[in-house]
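Undergrad: The listed protein sequences correspond, in order, to chains P and V. Per this note's numbering, residue 1 is the first one in the first sequence, and the count goes up by one each step. Per this note's numbering, residue 1 is the first one in the second sequence, and the count goes up by one each step. Where a beta carbon is used, it is the ideal one built from N, C-alpha and C, also for glycine. Fair warning: this is a prediction, and the values are worked out from it, not measured in the lab. For reference, the structure I am asking about is given below.
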Amino acid sequence: MKDTRLRTPLGRVEGLGSARTGTSHFWHQRLTAVALVPLSVWFAASALAYVGAERGAVAAFFAEPAEAILMFLFIVAAVYHMSLGLQVIIEDYIHQEGVKLALLVLNRFACWGIGAAAGFALLKLAVGAPA
Amino acid sequence: MDANGQSPGPKTRSPGKPKARPVSPHIQIWRWTVTMAASITHRVTGMALAGGTLFLVWWLIAAASGPDAYAVFAGVAAHPIGEVILFGLLWALAFHLLNGIRHLAWDLGYGFTMSTSRLTAALVYAASLLIAASAFAVGMMVRGGLGL
């Protein structure tokens, strides 16, 4: 039987598609989504109890190992999920190649910048024990 | 040969002469459906939550920085505008979370029929509002009970 498939044998073996990343974007979006189901429920409950609370109470909360670890995981999963989601929005609506590339780079920088800022502040609260 | 004297078969595009092809109507043409609204709301709440991370960063950095920085944040959080932002983000999170679970169910192959899809979309709207309102009320009581 004649092979009518349009893909090259190498392309089929690699299975990565034209973007060279295969399904990793899709998969990581789902992986972080599943992680965020329990983490965001925990985060919402914690934020509702402690947003605007006294600074000492907030610091004491994040100084607890379990809370600090959960918050760290929440920040990483949320920032990664956010960067993947915003990337799709940029790809959907921005069609000018140069502008798109600039926004995609900016998106990654901004998301991980936010993550680094939140992570550093958390670290300071968790181990710095500010008076 | 057909009636116009042309050969049947695939027509080729003549170069330099773009053909007026039919285009898909844009969103203002379509009748609104609850599934379409849920899809758009999912994206909009996702963007709102991305903006909300800036408030999270502000909260954590203010708490880590010192009493003066934290007082500014606490002032905004206690202000009615701060409460509105908190409720809005809470609802956005509840919606995005519940509709995200709907998406994960689809990924596993469940809930694809039109009737189920419409029902779950409506449920996500109702449940997210209910959860956000009750969680917000409990949050206010907890913070009030702690004398904050």
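1) On a CA-only basis, which of A110/P, A102/P, A47/P and L70/P is nearest A35/P? Give me that one, please.
2) What did DSSP end up calling S46/P once you bin it into helix, strand or coil?
3) Taking 9 Å as the threshold (beta carbon to beta carbon), is V41/P in contact with chain V?
4) Please report the distance separating the alpha-carbon of P9/P from that of A77/V.
5) So, under 8 Å CB-CB, F87/V and A126/V are touching, yes? Tell me the CB distance rounded to an integer number of Å.
6) Pairs of beta-carbons, one from the segment 49-58 of chain V and one from the segment 82-89 of chain P, closer than 8 Å: are there three or more?
7) List the endpoints of the continuous alpha helix (DSSP H) containing A94/V.
8) Counting C-beta neighbours from all protein chains within 10 Å, is the total for A44/P 16 or more, i.e. buried, or is it exposed?
9) Note down, in chain order, each residue of its chain lying with its Cβ closer than 8 Å to the Cβ of L86/P, except the 5 sequence neighbours on either side.
10) Looking at the secondary structure, which residues open and close the alpha helix (DSSP H) in which R108/P lies?
11) Given that I90/P touches chain V, what residues does it touch there, using C-beta distances under 8 Å?
12) Should A135/V and V58/P be called a contact, given that it needs their Cβ atoms to be closer than 9 Å?
13) With 9 Å set as the bound, which would you pick, yes or no: does the beta-carbon of A66/P sit closer than that to a beta-carbon of chain V?
14) Of the choices L31/P, L48/P, G22/P and E14/P, whose alpha-carbon is the least far from that of V142/V?
15) What runs of the alpha helix (DSSP H), each 4 residues or longer, lie entirely inside the segment 37-82 of chain P?
16) Run through DSSP, which three-state label would T113/V get?
17) Measure from the C-beta of I114/P to each C-beta in chain V and report whether the shortest distance is under 9 Å.
18) Examine chain V for any beta-carbon lying closer than 9 Å to the beta-carbon of G128/P, and answer yes or no.
19) Over what stretch of residues does the alpha helix (DSSP H) that includes W32/V continue unbroken?
20) Measure the C-alpha to C-alpha separation of F61/P and W30/V and round it to an integer number of angstroms.
21) Hey, could you find the ends of the alpha helix (DSSP H) V13/P is sitting in?
22) Any idea what DSSP makes of P18/V, helix, strand or coil?
23) With 9 Å as the threshold, decide whether the Cβ of A49/P is near any Cβ in chain V.
24) With distances taken between CB atoms, is the gap from G46/V to I89/P smaller than 9 Å?
TA: In short:
1) Position 35 of the first sequence holds residue 35/P. Checking every option, the nearest Cα to that of A35/P belongs to L70/P.
2) What you label residue 46/P is simply residue 46 of the first sequence in a count that begins at 1. Three-state result, S46/P: helix.
3) Within the first sequence, numbered from 1, the residue matching residue 41/P stands at position 41. At least one chain V Cβ lies under 9 Å of V41/P.
4) Here residue 9/P refers to the residue found at position 9 when the first sequence is read from its first residue. Here residue 77/V refers to the residue found at position 77 when the second sequence is read from its first residue. Whole-angstrom Cα-Cα distance: 59 Å.
5) Taking the second sequence and counting its residues from 1, the one referred to as residue 87/V is at position 87. Taking the second sequence and counting its residues from 1, the one referred to as residue 126/V is at position 126. Rounded, the Cβ-Cβ distance is 17 Å, inconsistent with contact.
6) yes
7) To locate residue 94/V, count along the second sequence from 1; it is residue 94. Start and end: P80 to D107.
8) Taking the first residue of the first sequence as 1, we reach residue 44/P at position 44. When all chains shown are included, A44/P counts as buried.
9) Here residue 86/P refers to the residue found at position 86 of the first sequence. N107 and C111.
10) As a working mapping, residue 108/P is identified with position 108 in the first sequence. Segment E97 to V127, the alpha helix (DSSP H) holding R108/P.
11) Here residue 90/P refers to the residue found at position 90 of the first sequence. By Cβ distance, chain V contributes nothing, its closest Cβ being about 11 Å from I90/P, past 8 Å.
12) If you number the second sequence from 1, residue 135/V lands on position 135. If you number the first sequence from 1, residue 58/P lands on position 58. No; because the gap between Cβ atoms is not below 9 Å, this pair is not in contact.
13) Against the first sequence, residue 66/P aligns to sequence position 66. So, not an interface residue.
14) Counted from its first residue, the second sequence places residue 142/V at position 142. Comparing Cα-Cα distances from V142/V to each of L31/P, L48/P, G22/P and E14/P, the minimum goes to L48/P.
15) 55-63
16) As a working mapping, residue 113/V is identified with position 113 in the second sequence. T113/V: coil per DSSP, three-state reduction.
17) The residue you call residue 114/P lines up with position 114 of the first sequence. So, interface residue.
18) In the first sequence, counting from the first residue as 1, residue 128/P sits at position 128. Taking Cβ atoms only, chain V reaches closer than 9 Å to G128/P, which makes this a yes.
19) Stepping through the second sequence from its first residue, residue 32/V is reached at position 32. W32/V -> no alpha helix (DSSP H), and no H or E assigned at all.
20) Your numbering for residue 61/P matches position 61 in the first sequence. Your numbering for residue 30/V matches position 30 in the second sequence. So the alpha carbons of these two residues sit roughly 49 Å apart.
21) By 1-based counting over the first sequence, the position of residue 13/P is 13. Per DSSP, V13/P belongs to the alpha helix (DSSP H) from P9 to E14.
22) The sequence position of residue 18/V within the second sequence is 18, counting from 1. The answer is coil: DSSP assigns P18/V none of H, G, I, E or B.
23) Start at 1 with the first residue of the first sequence, and residue 49/P comes out as number 49. Cβ-Cβ to chain V under 9 Å: yes for A49/P.
24) Sequence index remark: in the second sequence, residue 46/V carries index 46 (1-based). Sequence index remark: in the first sequence, residue 89/P carries index 89 (1-based). In this structure, I89/P lies closer than 9 Å to G46/V by Cβ.
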